[in-house]
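Throughout the sequence shown, residue numbering follows mature numbering (1 follows the signal peptide of the UniProt record, and there is no 0), covering -33 to -1, 1 to 125 in sequence. Heads up, the beta-carbon is just placed ideally off N, CA and C, and yes, glycines get one too.
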Amino acid sequence: MRFTTKKAPAALAAALLATSFIGALGFQGQAAAADRCSGTLVEEQRLTGGGKTLAYLNLYWDGHYNCAELVSSSTTSGTLKAMGVYIYTYPLSCKNGGCGIGSYTASAGEYSGFRYYAGPKRLDGRNKCVRAYGVIDWPATGDSREYNVSTKPAIGHC
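Right under this line is the structure:
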């Protein structure tokens, strides 16, 4: 496509400026639906607060990678709010409580403003134990509280 007026560069500059401003706020766009966890769902934990289900922490295994995502519930879906998901791997010796949660060997995570889900976050889970953790601030405005959930047991799926 070829621009034939001088307005196009100005419009492009305005769009880039708006994009960088939104990025500076720390709010991220949602990834395409194809960029979600795949494999077998090995655990789902409800994240609750104020007597309501706020989100679901999902942990998947595809034979090579563990993948975690925090998905908004019908109560919070579509509302911009701070939420995050984290995944950690541990040595097999940590199975059955052999280590503290700070003994992880690798981690991946994100915390930002999202409307529908945080993640996916993936780590190589072969010959390792895994922990996933999700957090959400709700309500999205005003006097919000931070709610969280973890896989059970915290270090499992070895």
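One alpha carbon belongs to Thr72, the other to Ser5, and they sit about 23 Å apart.
About 5 Å separates the beta carbons of Leu90 and Ile54, which is inside the 8 Å limit, making them a contact pair.
With a contact defined as Cβ atoms closer than 8 Å, Glu77 and Gly51 qualify at about 6 Å.
Judged by beta-carbon spacing, Ala107 lies beyond the 8 Å limit of Leu26, meaning their Cβ atoms are not closer than that value. For the segment 30 to 55, there is no continuous alpha helix (DSSP H) assignment of 4+ residues that stays within its boundaries. Around Gly45, the same chain offers Ser39, Arg82 and Tyr83 as residues with beta carbons nearer than 8 Å, after the five sequence neighbours per side are excluded.
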